[in-house]
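S.K.: Numbering (our numbering), first residue to last: 188 to 318.
Heads up, the beta-carbon is just placed ideally off N, CA and C, and yes, glycines get one too.
Owing to the predicted nature of the structure, the values given are computational and were not obtained by experimental measurement.
Starting off with a structure, shown below.
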Ligand SMILES: [Zn+2]
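Now the structure itself:
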């Protein structure tokens, strides 16, 4: 079982199977939400994702793609926990820094590399999309 929680521990989640996809988003809004250089993401089918606790939801509509991203986070401690996008609304995009064991994570793609921070060097064997 893959498990995770927010910083204060009041919100927990789990999913049983390896994620459908794992990757890194370098969009500016992920940088702002994470307060860091990028988001590390695991795509998990909604039907396999069990959430305990109630995150706050921010509807992020000022995005580079123009599509609204639902950003779910813990209001008390600030941890970004997962996102949902309309184009793949059967999936949960987990912010993998919240997971108890991140050993499974290897990025299989990089997206929004146009806004990648300059110091971040990518492995050229991993597919990269500019946007
Ligand atoms: Zn992003």
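Buried or exposed: where does residue 205 fall if 16 or more other Cβ atoms within 10 Å of its Cβ makes it buried?
M.R.: Exposed, since its Cβ has fewer than 16 Cβ neighbours within 10 Å.
S.K.: Confirm the yes/no value for this check: CB of residue 217, any heavy atom of ligand 1, distance under 8 Å.
M.R.: Result yes, Cβ under 8 Å from ligand 1.
S.K.: Which term fits residue 299, buried or exposed, when burial requires 16 or more other beta carbons within 10 angstroms of its beta carbon?
M.R.: With 16 or more Cβ atoms within 10 Å of its Cβ, residue 299 is classed as buried.
S.K.: For the putative contact between residue 279 and residue 236, defined by C-beta atoms under 8 Å, what is the C-beta separation to the nearest angstrom?
M.R.: Contact holds; Cβ gap of about 5 Å.
S.K.: Put residue 230 into one of helix, strand or coil per three-state DSSP.
M.R.: Residue state, collapsed to three classes: strand.
S.K.: Looking only at C-alpha atoms, which of 302, 308 and 291 sits nearest to residue 318?
M.R.: That would be 302, whose Cα lies nearest to the Cα of residue 318.
S.K.: In the DSSP assignment, find the beta strand (DSSP E) that holds residue 258 and state where it starts and stops.
M.R.: 256 to 260 is the extent of the beta strand (DSSP E) around residue 258.
S.K.: Closest to residue 282 by CA distance: which of 291, 266 and 296 is it?
M.R.: Out of 291, 266 and 296, 266 has the C-alpha closest to the C-alpha of residue 282.
S.K.: Taking 9 Å as the cut-off, decide whether the C-beta atoms of residue 261 and residue 246 are in contact.
M.R.: No, these two residues do not count as a Cβ contact at 9 Å.
S.K.: Within its chain, find whatever has a CB closer than 8 Å to the CB of residue 314; leave out the 5 residues flanking it on each side and keep chain order.
M.R.: 295, 296 and 297.
S.K.: Cα-Cα, which of 226, 218 and 203 is closest to residue 211?
M.R.: Per the Cα distances, 226.
S.K.: Given a cut-off of 9 Å, decide if residue 241 and residue 293 are closer than it, judged by their beta-carbon atoms.
M.R.: The answer is no: Cβ separation not under 9 Å.
S.K.: If you draw a straight line from the C-alpha of residue 308 to the C-alpha of residue 255, how long is it?
M.R.: Near 28 Å, if we compare the C-alpha coordinates of residue 255 and residue 308.
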